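Taking numbering that gives the first Met the number 0, the leading residue of the sequence shown gets 0, the next gets one more, and so forth.
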Amino acid sequence: MARPDAFEIVLSRAFTRIVGRGTPPQLAAALRHAVFPGGARVRPRLLLAVAQAAGARDLSAARHGGVAVELVHCASLVHDDMPCFDNAPIRRGRAAVHAKFGEATAVLVGDGLIVGAFDVLARACIDDPRLLPALPVLAQASGAAGGLVAGQAWEAEPSPDVARYHRAKTGGLFEAATVIGAIAAGVEPEPWRAVGAAFGEAYQIADDLLDLVGTPTELGKPVGQDIVHARPSAAIELGLERAWARLDDVLQRMRGAIPPCADADALHRWLDEACARLFPARRLQPCTGDALTRDDATATALSM
Ligand code: FPP
Ligand code: MG
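Have a look at this one:
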């Protein structure tokens, strides 16, 4: 097994505050299941890449910001998989939290992770008050006024505006990641918002494409869900070829949005590597079963 990197170590330490002596054992096991082993940890890694590009010398604040963002993301997946939403029994190649621990525990896991995220961030703000603006940034990205909660709720509306829905459900946390990365580096954060927004848009297009052309084995979750849940999908609306082309356009826009910074080259290199892993070779055929399997490393890179 690969040695945990600095981010995973900070995440594991932070987790010991979320799960303590007072945590009932079933809940403790379910919380751990929701967070470890993770998926690609894309949001915190983007946050760290931005902090480094923006000139952060000490990455401690950025790592704690990344932990907070990742915990909110994990919470959202636990709730998203529940029968009242997507009713998905598999996540990251294993049983979803509600499937293994029951629905009541899954609700509480989400609750515990959201509160835990803000606990981690609040403590990091005490250590480094320059991080304080990150608190409302993460709250807005998570909440009902246009964040994750709003994004999920748009799915229950009769005719949602697709761009607004995707921006809330997917883009918000990526925007928060780039903005918090810049805050942690002590630079003006708002110019970084467009980078996160474009990354989120690209991620959503790739998610829509993989839902059609990916396999359950490589994604570690059910595929074909956009059709099952009648959800808007770039891959269905545009067709596969045009959706891949749109993905290229959005990625180009994202790179163009990077503001002048201390080490833009390093960020471009990180993006090269991340995009190669996350946005795989173009497949133009819908998945027909689970015949197309890949190795475990690819599955981890793609798992959300
Ligand atoms: C996955 O989408 C789900 C989300 C991106 C967000 C879900 C948000 C909630 C359930 C609200 C909870 C709010 C907080 C603050 C925790 P998907 O179903 O398209 O992707 P998938 O195929 O990975 O499930
Ligand atoms: Mg889902």
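Ideal Cβ positions, reconstructed from N, Cα and C, are used throughout, including at glycine. Keep in mind it's a predicted model, so treat the numbers as computed, not measured.
Below 8 Å, can you find three or more Cβ-Cβ pairs linking the region 207-226 to the region 78-94? yes
Could you please give the first and the last residue of the uninterrupted alpha helix (DSSP H) stretch that includes H63? 59-79
A94 - partner residues in DSSP beta bridges: I89
Distance, A67 Cα to G19 Cα: 18 Å
Helix, strand or coil at H228 according to DSSP, with G and I counted as helix: coil
CB contact flag (A201, L172, <8 Å): no
In the DSSP assignment, find the unbroken alpha helix (DSSP H) run with C260 in it and report its ends. Careful: C260 lies outside any alpha helix (DSSP H) and carries neither H nor E.
If you reduce the DSSP assignment to three classes, tell me which class E156 lands in. coil
In chain order, what residues of the same chain have a beta carbon less than 7 Å from the beta carbon of A95, not counting five sequence neighbours either side? D80, A87, P88, I89
For the alpha helix (DSSP H) that contains A242, what are its first and last residues? 239-255
Return the residue from the list G142, A103, D262 that minimises the CA-CA distance to Q25. A103
Selected residue, minimal CA-CA separation from V41, among A261, L277, I257: L277
Which same chain residues, not among the five before or five after D21, have their C-beta less than 8 Å away from its C-beta? Looking at the sequence shown, residue 21 is not Asp but Gly. So no residue of the chain qualifies.
According to the neighbour-count rule (16 or more other Cβ atoms, all chains shown, within 10 Å of its Cβ), is Q251 buried or exposed? exposed
In the structure shown, what three-state DSSP assignment does T214 receive? coil
For E7, collect the residues of the same chain with a Cβ closer than 6 Å to its Cβ; drop the 5 residues on either side in sequence, then sort them by chain order. none
Quick check: the Cα distance between D294 and D271, rounded to an integer number of angstroms? Legend: pLDDT at D294 = 42, less than 50; position of this residue unreliable, value from coordinates given subsequently. Approximately 21 Å, taken between the alpha carbons.
Cβ atoms of V249 and A183: under 8 Å apart, would you say? no
Which residue's Cα is closest to the Cα of D85: P36, G111, V227? V227
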